[in-house]
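Numbering (the working numbering), first residue to last: 592 to 950. Here the structure comes first, spelled out in structure tokens, and everything after it is commentary.
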Amino acid sequence: MKARDLLMDEETLFRDENVFTPNYIPEDFMHRDSQLEEIKLSLKPGLRGMNPVNALLHGPPGTGKTTAIRFVFENLKKTSGRLIPIYINCEDFPTPYSIFARIYEAVLGVSPPSTGKPLEDLKERLFRQLKKEDKSIIIALDELDRLFLEKNVDRVLVDLLKAHVTYDYDRVGVMGIMIRDDLMAELDEKARSVFNPGRIFFPRYGLGEIRDILANRARYGFYEGVLEEGLLDDIVNKTQSKGDLRMGINLLRRSALLAERDASRRIEKRHIKKAFESLSESMREELSKNLSGEERILLNIISESPGRMSGYFFMRFREKTGAGVKKYNEIVKKLERQGLIRTDYRKGIRGRSREIVLS
Ligand SMILES: Nc1ncnc2c1ncn2[C@@H]1O[C@H](COP(=O)(O)OP(=O)(O)O)[C@@H](O)[C@H]1O
Ligand SMILES: [Mg+2]
Numbered sequence: 592m593k594a595r596d597l598l599m600d601e602e603t604l605f606r607d608e609n610v611f612t613p614n615y616i617p618e619d620f621m622h623r624d625s626q627l628e629e630i631k632l633s634l635k636p637g638l639r640g641m642n643p644v645n646a647l648l649h650g651p652p653g654t655g656k657t658t659a660i661r662f663v664f665e666n667l668k669k670t671s672g673r674l675i676p677i678y679i680n681c682e683d684f685p686t687p688y689s690i691f692a693r694i695y696e697a698v699l700g701v702s703p704p705s706t707g708k709p710l711e712d713l714k715e716r717l718f719r720q721l722k723k724e725d726k727s728i729i730i731a732l733d734e735l736d737r738l739f740l741e742k743n744v745d746r747v748l749v750d751l752l753k754a755h756v757t758y759d760y761d762r763v764g765v766m767g768i769m770i771r772d773d774l775m776a777e778l779d780e781k782a783r784s785v786f787n788p789g790r791i792f793f794p795r796y797g798l799g800e801i802r803d804i805l806a807n808r809a810r811y812g813f814y815e816g817v818l819e820e821g822l823l824d825d826i827v828n829k830t831q832s833k834g835d836l837r838m839g840i841n842l843l844r845r846s847a848l849l850a851e852r853d854a855s856r857r858i859e860k861r862h863i864k865k866a867f868e869s870l871s872e873s874m875r876e877e878l879s880k881n882l883s884g885e886e887r888i889l890l891n892i893i894s895e896s897p898g899r900m901s902g903y904f905f906m907r908f909r910e911k912t913g914a915g916v917k918k919y920n921e922i923v924k925k926l927e928r929q930g931l932i933r934t935d936y937r938k939g940i941r942g943r944s945r946e947i948v949l950s
């Protein structure tokens with residue numbers, strides 16, 4: 592190594608480390624023009640003082656769903672006063688009360704009184720205010736599957752979208768965001784008929800698209816010469832193998848941090864390799880942290896022989912845990928909802944049966 596390759600203590604490889612953080616909204620949001628167009632179309636009536644059209648953004652993790660909504664909402668805040676955009680992540684706000692409290696806060700600019708006001712009271716004040724201000728609202732409910740899990744999704748949707756019956760205010764639109772759209776079939780009839788969203792699909796990025804996006808990120812985030820073209824390809828391939836753009840963005844940052852630690856002026860292959868190993872490991876940990884003991888056991892059983900029929904997995908699961916079929920079905924549903932497994936119906940000798948694979 593030559594002396595000029597060595598990084599001084601106070602030097603850094605990052606032009607702007609911020610571009611690698613989860614909340615960063617990219618300046619140029621590439622390869623999502625048609626989805627952005629559809630989102631804007633749904634909002635349009637809201638800009639004319641009517642109710643926005645409901646929509647459901649769905650597709651695998653890391654395909655830009657959250658970013659697309661936040662991108663459009665940021666622009667909306669700058670350009671329109673008539674339509675109020677409110678983003679809510681249901682993982683953080685999983686109850687009807689917490690959701691309405693968030694909306695209340697966004698509209699009235701103050702938190703709701705903490706003296707245990709009932710939900711009805713909150714809604715009454717909220718909708719009265721919106722009517723008075725003569726405004727429409729669009730609510731994005733991200734990670735909507737959480738509300739299915741809590742079994743309060745019907746209630747939240749109906750409360751939001753049927754406000755005209757009780758409060759004479761009907762200028763609400765809802766944008767749901769989640770991985771799978773077939774969960775819609777689980778809504779009760781009333782919720783389905785008031786929500787009835789237009790579907791906006793986010794497919795996985797192809798290799799070329801991943802490359803474009805990561806190259807841009809590197810350009811904004813690193814100084815020139817930090818990442819060689821050939822090494823970018825290595826990162827792109829690793830990203831595609833995990834099927835989630837987040838892996839690529841984290842890899843860029845982590846590799847650069849490792850390079851800095853070695854006082855190296857550029858990222859080297861070994862930095863990427865090491866970063867990939869530790870990120871894969873923490874991804875696995877993250878996944879299993881959110882699962883219960885039984886859920887983890889079933890996931891392990893399935894990953895040992897994916898593609899077998901549901902009955903087989905149930906037998907193995909019962910051997911290990913003693914759990915019954917009801918419990919088993921619940922867990923299958925939850926793993927499927929989280930996008931960890933997929934089930935497909937097959938016609939078998941004895942009627943319909945499910946095949947289960949990892950996703
Ligand atoms: N088209 C894109 N252009 C630039 N960055 C993107 C694009 N799509 C996704 N990203 C980035 O990838 C990461 C994951 O995107 P996100 O919107 O959180 O995915 P999802 O909500 O579908 O799981 C974020 O860091 C986001 O900035
Ligand atoms: Mg998301």
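Positions of the beta carbon are idealized from the N, C-alpha and C atoms, including for glycine.
Assuming contact is defined by CB atoms lying nearer than 7 angstroms, are residue i and residue j in contact in what I supplied?
i: Ile-598; j: Phe-813; result: One detail in the question is off: residue 598 reads as Leu in this sequence, not Ile. Against a cut-off of 7 angstroms, the Cβ pair of Phe-813 and Leu-598 comes out as no contact.
i: Glu-682; j: Glu-618; result: no
i: Ile-922; j: Leu-889; result: yes
i: Met-769; j: His-649; result: yes
i: Gly-767; j: Leu-740; result: no
i: Gly-764; j: Pro-897; result: no
i: Ser-727; j: Gly-799; result: no
i: Lys-781; j: Val-749; result: yes
i: Gln-837; j: Gly-653; result: Per the sequence presented here, residue 837 reads as Arg, with Gln not at that position. Cβ distance < 7 angstroms, so Arg-837 and Gly-653 count as in contact.
i: Phe-867; j: Asn-645; result: no
i: Pro-687; j: Arg-762; result: no
Using the Cβ count rule (16 or more neighbours within 10 Å means buried), how would you classify residue i?
i: Gly-839; result: buried
i: Pro-676; result: buried
i: Lys-656; result: buried
i: Gly-672; result: exposed
i: Tyr-919; result: buried
i: Asn-891; result: exposed
i: Arg-623; result: buried
i: Asn-828; result: exposed
i: Arg-802; result: buried
i: Asn-666; result: exposed
i: Ile-826; result: buried
Can you tell me where the alpha helix (DSSP H) with residue i in it begins and where it stops?
i: Gly-897; result: Looking at the sequence itself, residue 897 is Pro, so the reference to Gly does not match. First-last for Pro-897: undefined, no H or E at that position.
i: Ala-692; result: 687-699
i: Asp-619; result: It is not in any alpha helix (DSSP H) - Asp-619 carries neither H nor E in the DSSP assignment.
i: Asp-624; result: 624-638
i: Ile-801; result: 798-812
i: Gly-839; result: 836-852
i: Glu-872; result: 860-880
i: Phe-664; result: 656-670
i: Phe-739; result: 736-740
i: Ser-883; result: Here Ser-883 belongs to no alpha helix (DSSP H), and DSSP marks it neither H nor E.
For the beta strand (DSSP E) containing residue i, name the first residue and the last one.
i: Met-775; result: Note, Met-775: premise wrong, no beta strand (DSSP E); not H, not E.
i: Gly-789; result: 789-792
i: Pro-709; result: Where Pro-709 is concerned, there is no enclosing beta strand (DSSP E), given that its DSSP letter is neither H nor E.
i: Asn-680; result: 674-680
i: Ile-729; result: 727-733
i: Gly-767; result: 763-769
i: Leu-648; result: 646-649
Taking 6 angstroms as the line, does the beta carbon of residue i fall inside it for any heavy atom of ligand 2?
i: Ala-686; result: First, the residue type needs correcting, since residue 686 is Thr and not Ala in the sequence shown. Thr-686 Cβ: outside cutoff for every heavy atom of ligand 2.
i: Lys-656; result: yes
Could you tell me if the beta carbon of residue i falls within a distance shorter than 6 angstroms of some heavy atom in ligand 1?
i: Met-900; result: no
i: Met-766; result: no
i: Gly-834; result: no
i: Met-906; result: no
i: Met-874; result: no
i: His-622; result: yes
i: Gly-637; result: no
i: Ala-652; result: Reading off the sequence, residue 652 comes out as Pro, not Ala. Checking the Cβ of Pro-652 against ligand 1 gives yes.
i: Arg-837; result: yes
i: Ile-679; result: no
i: Pro-617; result: yes
i: Ile-791; result: no
i: Ile-922; result: no
i: Ile-826; result: no
i: Ile-893; result: no
If we define contact as Cβ-Cβ less than 7 angstroms, is residue i a contact residue for chain C?
i: Arg-845; result: The question asks about chain C, but that chain is absent: this structure has only one protein chain.
Please determine whether the Cβ atom of residue i lies at a distance below 6 angstroms from any heavy atom of ligand 3.
i: Ile-730; result: For ligand 3, the structure offers nothing, since it holds only ligand 1 and ligand 2.
Contact the stretch 605-613 vs the stretch 853-862: 3+ CB pairs below 8 angstroms: Between the stretch 605-613 and the stretch 853-862, the count of Cβ pairs shorter than 8 angstroms is below three; the stretches do not touch.
The stretch 703-715 contacting the stretch 685-695, beta-carbon criterion three pairs below 8 angstroms: Taking a cut-off of 8 angstroms for Cβ pairs, the stretch 703-715 and the stretch 685-695 touch, as three or more such pairs fall below it.
The stretch 844-851 in contact with the stretch 875-887 per 3-pair CB rule at 8 angstroms: With a cut-off of 8 angstroms on Cβ pairs, the stretch 844-851 is not in contact with the stretch 875-887, counting fewer than three such pairs.
Three or more C-beta pairs below 8 angstroms linking the stretch 660-678 and the stretch 806-822: Below 8 angstroms, too few C-beta pairs join the stretch 660-678 and the stretch 806-822 to call them touching: fewer than three.
Inter-stretch contact (C-beta, 8 angstroms, three-pair minimum) for the stretch 624-644 and the stretch 787-802: Yes: the two stretches touch, three or more of their Cβ pairs being nearer than 8 angstroms.
The stretch 901-913 contacting the stretch 861-870, beta-carbon criterion three pairs below 8 angstroms: Result no; under three Cβ-Cβ pairs closer than 8 angstroms.
Cβ pair count under 8 angstroms reaching 3, the stretch 695-702 against the stretch 714-728: Verdict: yes, contact present.
Segment contact flag, the stretch 736-753 with the stretch 926-934, C-beta cutoff 8 angstroms, min 3 pairs: Yes: the two stretches touch, three or more of their Cβ pairs being nearer than 8 angstroms.
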